[in-house]
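Trainee: Protein sequence lines correspond, in order, to chains W and F.
Here the first sequence stands for residues 1 to 303, numbered as in the working numbering.
Here the second sequence stands for residues 1001 to 1261, numbered as in the working numbering.
Using N, Cα and C, we set each Cβ at its ideal position, and we do this for glycine too.
Model, not experiment: these values are computed from the prediction.
Please see the structure below; I have some questions.
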Amino acid sequence: MKRRDFIFKSLITGVGLTYSGNLAFADIIPDGKRISILHTNDMHSRIDPFPDDGGRNANQGGMTKLANLVAQIRKEEENLLLLDAGDVFQGTPYFNFYGGELEFKLMSKMGFDASTIGNHEFDNGLEGIFEQLPNAQFSHICSNYDFSNTILKNKILPYKVYKKKGLKIGIFGLGIELNGLVSKKNYGNTLYLDPISKAEEMVSELQSKKCDLIICLSHLGYSYRSAKIDDLKLASSVSGIDLIIGGHTHTFLDEPTRVKNQQGFETIVHQVGTGALRLGKVDFVFSKENKMKLASVRSLPIS
Amino acid sequence: MKNDYLISIREMGKLKSIYSLGLFLAFSLLFACSPQLHKNVQASYIPADSNVEIHPEMEDYVSPYRENLDAEMNKIIGETTTEINKSGSGETALGNLITDLQKEHAEKTFGYTIDISAMNNGGIRNILPEGKITLGNIYELSPFDNYLYVLELDADRVKKLAEYAINRKSLGLSGLFVESEGGVLVRYLINGEKVDESKTYLLAVNDYMASGGDNLDFLIDAPVREQTDIVLRDLLIERIRAISEKGEKISARIEGRQKLD
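The structure is reproduced here in structure tokens:
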């Protein structure tokens, strides 16, 4: 009874709440395969928490704190992927002095599985990415930048399939239009390709590989009033993406946006602001029978 | 499972209000109506707030990087005679200093005369204290990577810039004098002279302004003479170091470049 009370509370109170409940999901749904997707975006070289200057974010965020959250969740979640939606680079003097070395090394230590290419990754040119890639023990995935005439040829993956305890998770990435945003000198011969047609191509490729879950790491931005492509338009236009992990617009979503497109497919769009102030967590549960199973909100005590 | 929950609610008898029940049903329906029957999902976020401890192992790893960085940031690159701050309406001491240094750097880099240099006051994030100036001071003053641009302005665009300066009271200016009466532009001069309608003037700005930031729409289509990857912060550091090497101190004050009423 206590357990049900817990679930009930988690449903009505929504997100961002912390519990001290030590409830493993397997207790609720013994036959459910489960994977937890942890995600960040726009960390912007925020290695340390924001400075103690009386500002809104003082003493919050930063990769050294984020690492603690990730470590705690790893203790309790058996099956997880840790993903990032780009703009790891630029924002503090750590980037100006070390060029992204420390960012990639800390992400590797935390066990990131993949990131994508945000516009600020180009801030030290293609060479700046090339030089730092050896520090990243995780994949960089971007499907709509064609790097084949650059030094990044074959260094950035168009997609990757992760096998996690009987589940196949297909991940692809989408980058924002470079022209007008990034200096031509910095992106060189990189070609920007249409995100919608690339997304359709990736979804069909990943479906043909029998992926149970398809995730897009997007640095397109959450939503624009103009016709510019964004995560919400992507979700409406392309069926088959289960989760869009967004970035670029530094949007703090208090709850993810569910977009149901004309074909009836529902995509979840999530984004967690900037500066490693928040760690997103999306839990998927797969049932053996096609029965409804509820997933629980499960946050960790952070005191 | 949905029924399971309804039964459990009945059993619990803990519902405080119809409102809670409504919310619960709304959530149940949200999940129940999902066409993706195989997958169910719940999403949340966890704040890395002040209650979260710093990971000790990560802290150990970062600390030598931070020490090196701090040592760099604490390096003294120059000295001011007095505090150079952002007080004032439109014209400020710091805006004057930055636009002067930007103009000087552009002229040295390209080898020709720049007529006007402008800086959006909003992009200046801190002041320069009296006395010793560290590298860190300049990073705080200019944390963004703004790049140096040179635009070609016709007489019409020069007038628009002058009007913008008096209306918004948010620009630092070098080379362009503006004066208003009753909020209306009454006089503007480039290096003390009236604007020649047939001439093209060169404006040094950052890329944010050149691309129409802060509603500087009239700059968007101005012909670009130079598009550089020279970061404003770096050029300030280079100029300040050059002044120090000559044994001079940095000074700037409000001197009546913008007479706004």
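Please report the straight-line C-alpha distance between F:Asp1049 and W:Phe50, rounded to a whole angstrom.
Mentor: Here residue 1049 of chain F refers to the residue found at position 49 of the second sequence. Here residue 50 of chain W refers to the residue found at position 50 of the first sequence. If I take the Cα positions, the gap works out to 10 Å.
Trainee: Are any of the Cβ atoms in chain F nearer than 7 Å to that of W:His270?
Mentor: For the purposes of this step, residue 270 of chain W is taken as the residue at position 270 of the first sequence. Yes, contact with chain F.
Trainee: Using the Cβ count rule (16 or more neighbours within 10 Å means buried), how would you classify W:Ile156?
Mentor: Counted from its first residue, the first sequence places residue 156 of chain W at position 156. So W:Ile156 counts as buried.
Trainee: Around the Cβ of W:Gln207, are there at least 16 other Cβ atoms within 10 angstroms (buried) or fewer (exposed)?
Mentor: Counted from its first residue, the first sequence places residue 207 of chain W at position 207. By the 10 Å Cβ count, W:Gln207 comes out exposed.
Trainee: How should F:Pro1064 be labelled, buried or exposed, when 16 other C-beta atoms within 10 angstroms of its C-beta is the threshold for buried?
Mentor: As a working note, residue 1064 of chain F is residue 64 in the second sequence. By the neighbour-count rule (16 or more Cβ atoms within 10 Å), F:Pro1064 is not buried but exposed.
Trainee: Quick check on this structure: which residue in F:Ile1166, F:His1055, F:Gln1227, F:Asn1085 has the alpha carbon closest to the alpha carbon of F:Ser1251?
Mentor: As a working mapping, residue 1251 of chain F is identified with position 251 in the second sequence. Nearest C-alpha to F:Ser1251: F:Asn1085.
Trainee: Could you tell me the boundaries of the alpha helix (DSSP H) in which F:Gly1136 lies?
Mentor: Residue numbering aside, residue 1136 of chain F sits at position 136 when the second sequence is read from its first letter. Taken as a continuous stretch (DSSP letters only), the alpha helix (DSSP H) holding F:Gly1136 covers 1135-1141.
Trainee: What does DSSP give as the partner residue(s) for W:Ser115 in the beta ladder?
Mentor: By 1-based counting over the first sequence, the position of residue 115 of chain W is 115. In DSSP, W:Ser115 forms a bridge with W:His140.
Trainee: Consult DSSP for W:Ala295 and reduce its assignment to one of helix, strand or coil.
Mentor: In the first sequence, counting from the first residue as 1, residue 295 of chain W sits at position 295. Confidence at W:Ala295 is low in this model, with a pLDDT of 40, below 50, so the placement of that residue is unreliable and no value is reported for it.
Trainee: If you reduce the DSSP assignment to three classes, tell me which class F:Arg950 lands in.
Mentor: The structure shown does not extend to residue 950 of chain F, since chain F is modelled only from 1001 through 1261, so no value can be given for it.
Trainee: Give me the Cβ distance between W:Asp230 and W:Ile268, rounded to the nearest whole Å; I'm assuming they're in contact under 8 Å.
Mentor: As a working note, residue 230 of chain W is residue 230 in the first sequence. As a working note, residue 268 of chain W is residue 268 in the first sequence. Not a contact, Cβ separation roughly 15 Å.
Trainee: W:Tyr222: buried (16+ other C-beta within 10 angstroms of its C-beta) or exposed?
Mentor: What you label residue 222 of chain W is simply residue 222 of the first sequence in a count that begins at 1. W:Tyr222 is buried by the Cβ-count criterion.
Trainee: Whose C-beta lies closer than 7 Å to the C-beta of F:Asn1074 among residues of the same chain, with five residues either side of it excluded?
Mentor: Taking the first residue of the second sequence as 1, we reach residue 1074 of chain F at position 74. Contacts found: Thr1134, Gly1136.
Trainee: For W:His39, which beta-bridge partners are listed by DSSP?
Mentor: Counted from its first residue, the first sequence places residue 39 of chain W at position 39. W:Leu83, W:Gly280, per the DSSP bridge assignment.
Trainee: Is it buried or exposed, W:Ser226, if we count other Cβ atoms within 10 angstroms and call 16 or more buried?
Mentor: Taking the first residue of the first sequence as position 1, residue 226 of chain W is located at position 226. Exposed: under 16 other Cβ atoms inside 10 Å.
Trainee: Flag this pair as yes or no: are the beta carbons of W:Thr116 and W:Ala136 separated by less than 7 Å?
Mentor: In the first sequence, counting from the first residue as 1, residue 116 of chain W sits at position 116. In the first sequence, counting from the first residue as 1, residue 136 of chain W sits at position 136. The answer is no: Cβ separation not under 7 Å.
Trainee: Quick check on the DSSP output: the beta strand (DSSP E) that includes F:Thr1080 runs from which residue to which?
Mentor: On the second sequence, position 80 is the one that residue 1080 of chain F refers to. Start and end: 1076-1080.
Trainee: List, in order along the chain, the chain F residues whose C-beta lies closer than 7 Å to that of W:Arg278?
Mentor: Position 278 of the first sequence holds residue 278 of chain W. Those are Tyr1045, Ile1046, Pro1047, Ala1048, listed as they occur along chain F.
Trainee: Does the Cβ of W:Leu191 have 16 or more other Cβ atoms within 10 Å, making it buried, or fewer, making it exposed?
Mentor: One-based indexing of the first sequence puts residue 191 of chain W at position 191. Classification for W:Leu191: exposed.
Trainee: Hey, does F:Leu1069 have any beta-carbon neighbour from chain W nearer than 7 Å?
Mentor: For the purposes of this step, residue 1069 of chain F is taken as residue 69 along the second sequence, with counting starting at 1. Yes - at least one Cβ of chain W is within 7 Å of the one on F:Leu1069.
Trainee: Quick one: using the 10 Å Cβ neighbour count with 16 as the cut-off for buried, is F:Arg1257 buried or exposed?
Mentor: Sequence index remark: in the second sequence, residue 1257 of chain F carries index 257 (1-based). Looking at its Cβ environment, which holds 16 or more other Cβ atoms inside 10 Å, F:Arg1257 is buried.
Trainee: Just how far apart, CA to CA, sit W:Leu69 and W:Gly100?
Mentor: Position 69 of the first sequence, counted from the start, is the residue given in the question as residue 69 of chain W. Position 100 of the first sequence, counted from the start, is the residue given in the question as residue 100 of chain W. Taking the straight line from one Cα to the other gives about 22 Å.
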